[in-house]
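Remarks on the structure that follows.
There are 2 protein chains.
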Amino acid sequence: MPPHPRSPEPTRQTTIREVAQTAGVSVATVSRVLNASGQVSAHAEQAVRQAAASLGFRPNLVGRSLRGVRTRTFGVMLPTLIHPVFAECLQGLESAAQSQGYAITLSTTGYRADAEESVSERLLQQRVDGLILTVADATRSRLLDKLDAEGVPYVLAFNQTGHTNKKSVTRFRPSVGVDNRKAAQQMVAHLVELGHQRIEFVAGQFMQSDRSRQRYAGYQDAMTAAGLPTRDPLELPFDSTDVRAELQDLLATRDAPTALFCSNDQLAMTVIRDLRRMGLRVPEDLSVAGFDGVRVGEWMSPVLTTVVQPNADIGRTAVELLLQIIAGEVCMGPATLHHTLRLGGTAQRRVS
Amino acid sequence: MPPHPRSPEPTRQTTIREVAQTAGVSVATVSRVLNASGQVSAHAEQAVRQAAASLGFRPNLVGRSLRGVRTRTFGVMLPTLIHPVFAECLQGLESAAQSQGYAITLSTTGYRADAEESVSERLLQQRVDGLILTVADATRSRLLDKLDAEGVPYVLAFNQTGHTNKKSVTRFRPSVGVDNRKAAQQMVAHLVELGHQRIEFVAGQFMQSDRSRQRYAGYQDAMTAAGLPTRDPLELPFDSTDVRAELQDLLATRDAPTALFCSNDQLAMTVIRDLRRMGLRVPEDLSVAGFDGVRVGEWMSPVLTTVVQPNADIGRTAVELLLQIIAGEVCMGPATLHHTLRLGGTAQRRVS
DNA sequence: GTGAAAGCGCTAACAA
DNA sequence: TTGTTAGCGCTTTCAC
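Chains as they are written, first to last, in the numbering used here: chain A, 1 to 352; chain B, 1 to 352.
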């Protein structure tokens with residue numbers, strides 16, 4: 001098998017200077033043509049374009065960034081792309097950025113809170129114009145405090161911050177997401193309506209996530225409103241690929257729940273799979289609902305009952321917000337997008 | 001609701017020069033400390049580190065990139081992140097790059113072949129050190145020809161190129177993926193073993209994808225080897241969210257297939273969902289198999305029968321390969337990673 | 001309308 | 001061991 005052809009010499013790229021020379025004008029004129037800043041004679045413009053084309057000129061954005069104030073790049077920091085909720089958001093975000101002429105530099109933290117600082121630091125060293133990020137817990141994040149202090153433009157995706165009392169100043173952080181608490185409350189109210197009384201909240205890495213806590217609060221709201229006893233959440237070990245043992249324990253208790261409300265779709269799908277592996281039927285024996293509304297939930301059968309967030313829209317909106325902030329417009333706190341309930345087939349009326 | 005605090009003045013970042021001044025040394029010394037290039041007295045190093053810390057110095061990677069030869073950034077171009085196969089690859093890729101000190105600039109093309117050129121051009125303007133990309137069709141890609149001609153380091157992910165005869169020179173393109181043809185052949189052989197004789201190949205956007213074609217070839221191999229008639233592929237309109245009409249037509253024929261082999265998992269899951277919406281049972285009435293091995297397939301029930309590619313590993317390996325190519329090592333053609341068959345529950349023995 | 005020139009922040013010769 | 005200096009490619013005053 002013949003080797004790949006050796007790179008034909010890392011071809012030093014042509015610069016604006018050479019274009020100027022070829023076109024018989026100054027570099028300033030070339031720059032003006034490239035940036036369409038007007039004030040160039042038709043003749044000169046023609047010459048420059050021709051020279052650029054014939055030389056295969058490719059403007060060096062690094063040079064431009066160094067000189068200018070902006071890099072036209074956004075830094076994006078997400079926990080993981082394995083979970084489709086983030087991949088969907090990233091897709092929306094990237095498309096929006098691309099159409100605005102912005103590039104995306106991507107980093108993942110793997111949910112490790114300690115990685116958040118180092119990863120974002122790298123992004124800032126690259127002099128991104130702003131950050132779009134999902135942190136583990138926005139209510140206590142040294143990183144966000146630092147960003148605020150330094151005046152770095154950023155927008156949170158998914159994180160719900162509410163207001164932070166800090167030195168007697170009530171502040172809002174720019175964020176895009178849904179009303180997690182209300183959405184969770186509605187879903188649990190739906191389960192109650194289906195006749196369920198013993199409903200368990202299931203979370204992964206519960207304490208670390210502001211969203212999980214908001215959703216748990218919504219669960220409590222609904223249970224309390226229905227006069228039903230609130231249960232402690234079942235926390236499943238974070239990356240557990242098999243949760244049968246934990247489910248076994250849960251269902252062995254007297255008073256075992258008849259419905260499970262999972263704090264995210266990935267968890268819900270894992271739980272459903274493992275319940276079935278244990279010989280239980282969903283929804284006949286146990287109802288299960290999720291939260292996120294990832295596309296793949298629609299491919300299951302029955303379709304996953306869940307709270308649908310507009311994930312791609314969250315990404316898109318984050319870009320819009322960030323652009324506004326960079327433009328110096330005041331940002332009026334969290335952007336709350338609409339959620340919907342998808343009443344799929346994994347939760348059904350309690351029949352026992 | 002109080003507005004977000006106005007950015008406290010886009011704080012002009014401190015530069016290496018100010019650090020030098022504060023530390024009482026020259027910029028060269030600061031640079032040397034930062035790059036750990038040795039040759040600095042312990043005393044000077046101490047002073048520099050202290051000054052940098054107290055000033056909150058953040059090295060400007062743009063300056064470094066402009067001066068140096070490398071940006072330590074890889075450009076990544078993928079069709080979409082909605083399909084988990086690419087998201088999983090990107091996750092592996094990003095982690096690997098991060099651990100090697102490389103940043104990732106991400107772009108998606110939305111499967112639009114015309115976007116490939118403009119999007120990659122932007123990446124090259126950013127002077128990425130190399131490209132990792134999945135193109136629609138690697139066998140006829142002006143973009144790849146251009147990259148070859150310019151000597152831009154790149155690695156293809158998923159695309160299977162084989163060799164290209166071009167001006168009597170047989171060339172290989174660096175790529176990472178599985179042996180699509182062989183994998184497809186094995187899966188179809190498995191279906192045959194289960195007693196299926198009328199097996200249909202189902203593809204989305206068939207003509208555009210080199211992978212689909214390879215997989216169809218594998219299908220043909222297996223059918224021919226079994227002495228069974230090869231059928232034309234069923235091409236489903238690209239982004240169809242509902243394929244019931246097409247399935248209806250397919251199944252209405254005499255000689256209707258008893259098994260469907262879908263060219264990717266997303267398609268397989270969509271097909272299964274729609275078959276069920278039509279009142280058909282999978283696998284009892286019809287067997288379905290996919291190709292990709294995305295995680296979510298395991299969350300279905302029954303678990304999706306499919307060809308499992310090591311998606312994250314494909315990303316990881318692409319990074320390794322790219323690093324080698326950049327280092328000037330000869331690249332010995334395509335890297336073929338191992339696939340496995342996941343014999344889930346969506347395909348079963350033909351009982352009729 | 002056009003050009004000369006001064007940097008943006010950094011690294012790497014080259015001197016000392 | 002350390003400092004001086006010349007750029008990397010580009011934009012942008014400021015003259016002409």
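Even for Gly, the Cβ is constructed at its ideal location relative to N, Cα and C.
| Query | Result |
| --- | --- |
| Answer yes or no: does any C-beta atom of chain A fall closer than 7 angstroms to that of B/PRO59? | yes |
| Is the distance from the Cβ of A/VAL288 to the Cβ of A/ALA268 below 7 angstroms? | yes |
| Kindly indicate which residue of B/VAL62, B/GLN185, B/THR14, B/ALA222 has the alpha-carbon position closest to the one of A/GLN126. | B/VAL62 |
| Taking the CB atoms as reference points, tell me whether A/MET278 and A/ARG244 lie closer together than 7 angstroms. | yes |
| Rounded to whole angstroms, what's the CA-CA distance from B/GLY297 to A/ALA217? Just pull it up for me. | 32 angstroms |
| Report the option in A/GLY75, A/ALA53, A/ARG295, A/VAL319 whose CA atom is closest to the CA atom of A/ARG99. | According to the sequence as given, residue 99 of chain A is Ser; it is not Arg. Residue A/VAL319 is the option with its Cα nearest to A/SER99. |
| Roughly how many angstroms separate the alpha carbons of B/PRO257 and B/ARG173, rounded to a whole number? | 37 angstroms |
| Nearest-angstrom Cα distance between B/THR305 and B/CYS89? | 20 angstroms |
| Exposed or buried, which one is B/SER141 when buried takes at least 16 other CB atoms within 10 Å? | buried |
| Quick one: grab the DSSP three-state call for A/VAL330. | coil |
| Taking the DSSP output, what are the residues bridged to A/ASP131? | The sequence shown places Leu at residue 131 of chain A, rather than the Asp named in the question. A/GLY75, A/TYR154, per the DSSP bridge assignment. |
| Note down the Cα distance separating B/ILE272 from A/ARG58, rounded to an integer number of angstroms. | 48 angstroms |
| For A/LEU156, decide whether its Cβ has a neighbour in chain B, counting only Cβ atoms nearer than 7 angstroms. | no |
| For A/LEU280 and B/ASN60, I'd like the C-alpha separation in whole angstroms. | 57 angstroms |
| Hey, out of B/THR336, B/ALA327, B/LEU322, whose CA is closest to B/GLN309's CA? | B/THR336 |
| Which of helix, strand or coil does DSSP assign to A/GLY110? | coil |
| Expressed to the nearest angstrom, what Euclidean distance is found between the alpha-carbon atoms of A/LEU236 and A/ALA203? | 6 angstroms |
| Under 7 angstroms between beta-carbons, which chain B residues line up against A/ARG231? List them in chain order, please. | Going along chain B, no residue has its Cβ under 7 angstroms from A/ARG231, so there is no contact; the nearest lies around 25 angstroms. |
| For chain A, find out if any of its Cβ atoms is closer than 7 angstroms to the Cβ of B/LEU275; answer yes or no. | no |
| Would you mind telling me which residues of chain A sit closer than 8 angstroms to B/GLN348, beta carbon to beta carbon, in chain order? | The contacting residues do not exist; B/GLN348 stays about 16 angstroms from chain A at best. |
| When the distance is taken between beta carbons, is B/LEU250 closer than 7 angstroms to B/LEU228? | no |
| What are the start and end residues of each continuous alpha helix (DSSP H) run of 4 or more residues lying completely inside the stretch 254-303 of chain A, in chain order? | 265-277 |
| Quick one: which chain A residues come within Cβ less than 9 angstroms of B/GLU94? | LEU81, LEU106, SER107, THR108 |
| Among residues of its own chain, excluding the 5 on either side of B/LEU321, which ones have a beta-carbon nearer than 7 angstroms to its beta-carbon? | VAL155, PRO174, VAL176, CYS331, ALA335 |
| Compute the beta-carbon to beta-carbon distance between A/ALA42 and A/VAL30, rounded to the nearest angstrom, for a pair I have assumed lies under 8 angstroms. | With a Cβ gap of about 15 angstroms, A/ALA42 and A/VAL30 do not count as contacting. |
| Can you give me the C-alpha to C-alpha distance between A/HIS339 and A/LEU194, rounded to a whole angstrom? | 20 angstroms |
| Closer than 8 angstroms by C-beta to A/ALA39: which residues in its own chain qualify, once you throw out the five before and the five after it? Chain order, please. | A small correction: the amino acid at residue 39 of chain A is Gln; Ala does not occupy that position in the sequence shown. Closer than 8 angstroms at the Cβ level, and outside the excluded window around A/GLN39, lie ARG32. |
| Taking a Cβ distance cut-off of 8 angstroms, strictly less, list which residues of the stretch 318-342 of chain A are near chain B, in chain order. | ILE325, GLY328, VAL330, CYS331, MET332, GLY333 |
| Near A/ALA51, which residues of its chain fall below 6 angstroms by C-beta distance, leaving aside the five closest residues on each side in sequence? | VAL19, THR22, ALA23 |
| I need the boundaries of the alpha helix (DSSP H) containing B/ILE16, first residue and last residue. | 16-23 |
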